[in-house]
Amino acid sequence: MTTHWKEPAVCECGHTGVVHWAENDQPFSRQWERYSIEGFDGQGFEIAGTLTLDEALAQMNPVCPACGARAKVRAGPHKKVGR
Ligand SMILES: [Zn+2]
Numbered sequence: 346m347t348t349h350w351k352e353p354a355v356c357e358c359g360h361t362g363v364v365h366w367a368e369n370d371q372p373f374s375r376q377w378e379r380y381s382i383e384g385f386d387g388q389g390f391e392i393a394g395t396l397t398l399d400e401a402l403a404q405m406n407p408v409c410p411a412c413g414a415r416a417k418v419r420a421g422p423h424k425k426v427g428r
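Read in order, the letters of the sequence shown are residues 346 to 428 in our numbering.
Rendered as structure tokens:
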């Protein structure tokens, strides 16, 4: 099973985008998560293990198309639950 999630991401200027991530929640298999971002200029990536959404955003180093700020994007109002 792969679970897909979407969470809002917001720049300090107010520009918003969406973080997509998928995680492998199959028991007895390697844990991984795959992230990508929409609405910001950033690189998706995949890791073994888990990250918080803020850690994933830092990893993607997103650039805001509205104000040009780099890595000022934070998770939106809905936080990823648990670790
Ligand atoms: Zn911005």
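Glycine included, C-beta positions come from ideal geometry on N, C-alpha and C.
query: Under three-state DSSP, which class holds Glu391?
result: Here residue 391 refers to the residue found at position 46 when the sequence shown is read from its first residue. Strand, per DSSP.
- request: Give the DSSP-derived three-state secondary structure of Glu357 in the structure shown.
  value: Numbered from 1 along the sequence shown, position 12 holds the residue referred to as residue 357. Coil, per DSSP.
- request: Spatial neighbours of Ala393 within its chain, please: CB distance less than 8 Å, with the 5 preceding and 5 following residues excluded, ordered by chain position.
  value: Counted from its first residue, the sequence shown places residue 393 at position 48. Excluding sequence neighbours, Ala393 sits near Arg375, Gln376 and Trp377.
message: Please classify Met405 as buried or exposed, where buried requires at least 16 other C-beta atoms within 10 Å of its C-beta.
response: Stepping through the sequence shown from its first residue, residue 405 is reached at position 60. Its Cβ being crowded by 16 or more others within 10 Å, Met405 is buried.
message: Can you tell me where the alpha helix (DSSP H) holding Asp399 begins and where it ends?
response: Here residue 399 corresponds to residue number 54 of the sequence shown, with the count starting at 1. It spans Leu398 to Met405 - the alpha helix (DSSP H) in which Asp399 sits, taken as one unbroken run.
- request: Check whether the Cβ of Ala454 lies closer than 8 Å to any heavy atom of ligand 1, and answer yes or no.
  value: In the structure as shown, the chain begins at 346 and stops at 428. Residue 454 is therefore absent and cannot be evaluated.
message: Less than 8 Å separating the Cβ of Ala411 from some heavy atom of ligand 1?
response: Counted from its first residue, the sequence shown places residue 411 at position 66. Indeed, a heavy atom of ligand 1 lies less than 8 Å from the Cβ.
task: With DSSP collapsed to three states, give me the class of Val418.
output: As a first step, residue 418 must be located in the sequence shown, where it is residue number 73. Val418: coil per DSSP, three-state reduction.
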